[in-house]
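Worksheet: one structure, shown below.
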Amino acid sequence: MSNKKSHPSALHEKAGIPRPEMISATAVENIQHFRKIQPSAAELVEGILAGNITALSRAITLVESTNGTHLAKATEVINACLPHASQSVRIGITGVPGVGKSTFIEAFGKFLTGLGKKVAVLAVDPSSTISHGSILGDKTRMEELVKDKNAYIRPSASGDTLGGVARKTRESITLCEACGFDTIIIETVGVGQSETAVHSMVDFFLLLKISGAGDELQGIKRGIMEMADAIVINKADGDNIKKAQFAKMEFNRALHLFPAKKSGWTPTTSTCSSITHEGIPAVWETIEKFLELTKGNNYFFEKRKEQNQYWMLETINEQLKTNFYNNPEIQKSLDSTKKAVQNDEISPFAAAQFLLEKYFKKK
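Throughout, our numbering is defined as the position within the sequence shown, counted from one, plus 88.
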């Protein structure tokens, strides 16, 4: 038998000092309790009209919800806020990824708050068609603006359809206006059809471009160019200034190829730097000139009336689609009908007609 003394291994780990609790259990309980308390529609409206950001955020969350109860409550809040809305300028900003939209919006937003404006930024982030998730990282790229007491940043996922943009962003504009924000900036990611949807809910549409990336001619696409009220070549700083000036001339020539706008406004091109802030004040001067012209010839107000009508019809289309897919009879038949279409047992058109007839017979 071994006479070795029993000693712990050199690798033996002694029990350490227990780590103190980092978060107060009482604080967690209080926060959870507060979150469970759901304010009434009247309380939310009162808070929004008083400029309460928490009430505004909770109301927008209701708007974004697909829960039927939440939708009814959101509608009540929006209807109450509607008489206090519409007193703002709505600016849409788009551009390809990497053009510097978030940096530009931060510089532009800080310039506007410096003028005494109250700025709300609604960022439409596309949802993945695979995971259905969104990054929603716009706040992290606007570190200074997010701390500004006269600014509010709200990133939102677009959802599965452009109707998601309609339901969320269009109604969020109304809530932000009722909360006292006089400048609403709507940012799109610039890679899909959401630009068309956003264009139909703003007064002024700004297209951001960059130079030196093959963007001068490659980026001249008729649809997006026709929508733009101004083109701004961003990142015009350092060694890029000359390239930005050249890009400005190229886009200026291209704009003359398009027909005149109904507004009577001639789109402009300019350069700016979101880093040095060179050219940022000129962007706001352009928007002010646009507003002066379009309000003077009444186009501004007529366009808003048309937009209201357009979004009414879009909301009807989206609601009909939602009701169709949530119908119990359709849900029972949808999978089997899909399989029949995949197996060429029935044509896609006949299958669609079958499901539609089933839906309307049950109404």
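Cβ coordinates follow ideal geometry from the N, Cα and C atoms, glycine included.
By the Cβ-count criterion, S299 is buried, with 16 or more other Cβ atoms from all chains shown falling within 10 Å of its own Cβ. If you draw a straight line from the Cα of S358 to the Cα of T276, it is about 20 Å long. Its chain contains I368 as the residues whose beta carbon lies nearer than 6 Å to that of F199, once the 5 sequence neighbours on both sides are disregarded; these appear in chain order.
Looking from the CA of T163, the closest CA among A324, L203, L263 and F437 belongs to L263. Taking the C-beta atoms as reference points, I136 is found no nearer than 8 Å to A239. For the pair of segments examined, the segment 199-213 was found not to touch the segment 323-337: the number of CB pairs separated by less than 8 Å stays below three. Note that the C-beta distance between I272 and L210 is below 8 Å. Taking every protein chain shown into account, the CB of N322 has 16 or more other CB atoms within 10 angstroms, so this residue is buried. When DSSP states are grouped into helix, strand and coil, S424 belongs to the helix group. The segment 323-330 makes no contact with the segment 414-425; the number of CB pairs closer than 8 Å stays below 3. Fully enclosed alpha helix (DSSP H) runs of no fewer than 4 residues occupy 329-343 and 368-384 of the segment 322-384, in order along the chain. Excluding residues up to 5 positions away in sequence, G139 and K206 lie with their Cβ nearer than 7 Å to the Cβ of G268 in the same chain.
Runs of alpha helix (DSSP H) with 4 or more residues, each lying fully within the segment 180-213, are found at 189-202, listed in chain order. Spanning the alpha carbons of D432 and E445 requires a straight line of approximately 20 Å.
Contact between R178 and D317 does not hold, since the beta-carbon distance rounds to 12 Å and is not under 8 Å.
Where F389 is concerned, the enclosing alpha helix (DSSP H) starts and stops at Y387 to N414. For K427 and I434, the gap between their C-alpha atoms comes out near 9 Å.
In chain order, E265 and D270 place their CB closer than 8 Å to the CB of Q175, counting only its own chain and leaving out the 5 sequence neighbours on each side.
In this structure, the alpha-carbon of E380 lies about 52 Å from that of A115. Under DSSP, R258 shares a beta bridge with no residue. In the structure shown, the three-state DSSP call for S145 is helix. In the structure shown, I312 adopts helical secondary structure according to DSSP, grouped into three states. Under the DSSP assignment, I298 falls outside any alpha helix (DSSP H); it carries neither an H nor an E label.
Between A113 and T374, the alpha-carbon positions lie close to 54 Å from each other. The beta-carbon separation of Y387 and K350, rounded to 7 Å, stays under the 8 Å limit for a contact. Residue nearest to E366 within the set G186, V320 and M289 is V320 (criterion: CA-CA distance). In the three-state scheme derived from DSSP, where H, G and I count as helix and E and B as strand, F437 is classed as helix.
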